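Residues in the sequence shown are numbered consecutively from 11, following this note's numbering.
Cβ atoms here follow ideal geometry from the backbone N, Cα and C, with glycine treated the same way.
Fair warning: this is a prediction, and the values are worked out from it, not measured in the lab.
Data first, discussion second: the structure below is written as structure tokens.
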Amino acid sequence: QVLRASDKGTKDVPTLSAGGFANSAVQDDFCTGTSCTINRIYDQSPQGNHLDTAPAGGAHHQDDSGVDANAEKIVVGGHEVYAARFVPGNGYRNDKTSGVAVADEPETMYMVTSGQYYNNKCCFDYGNA
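Next comes the structure, spelled out in structure tokens:
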């Protein structure tokens, strides 16, 4: 879901087909002439463990912000999609998840990243925060 800066409107960006690639044209149209941030990252599993921009908590005492929704357009499998390009201050969290691994239970996850944008900082904290 993207959040438009000009009027604080939100728009869910659908996939081109069930379980497929995001329809970046919908995002392009919605964000034309203004800036947008990614407000929510949807969990594609039946669990619905969506990630919203993170409130203050833990070691970070300020609310996080969403990533710039148009910062990095990439091509995956012949489809133009937007990557989530994180900079300091961006973050997402869900403290009320269901159906996720706990303690030492095994878990599987994946992330598609760019090898052209990185830094010497830390971290993506997957799993239980």
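- Between N80 and the set C46, A64, E90, the nearest pair of CA atoms involves C46.
- Boundaries of the alpha helix (DSSP H) harbouring V36: 34-41, taken from the DSSP string.
- Fully enclosed beta strand (DSSP E) runs of no fewer than 3 residues occupy 61-63, 83-86 of the region 57-90, in order along the chain.
- Beyond the five residues adjoining it in sequence on each side, G76 comes within less than 7 Å, by CB distance, of L13, T47, I48, N49, T63, N100 in the same chain, given in chain order.
- Under the three-state reduction of DSSP, V97 is assigned to coil, being neither helix nor strand.
- Each residue's CA atom was taken as its position, placing G109 and G58 some 10 Å apart.
- The C-beta separation of T25 from Q11 comes to about 13 Å, leaving the pair out of contact by the 8 Å criterion.
- Going by beta carbons, I51 and Y128 fall outside the 7 Å limit.
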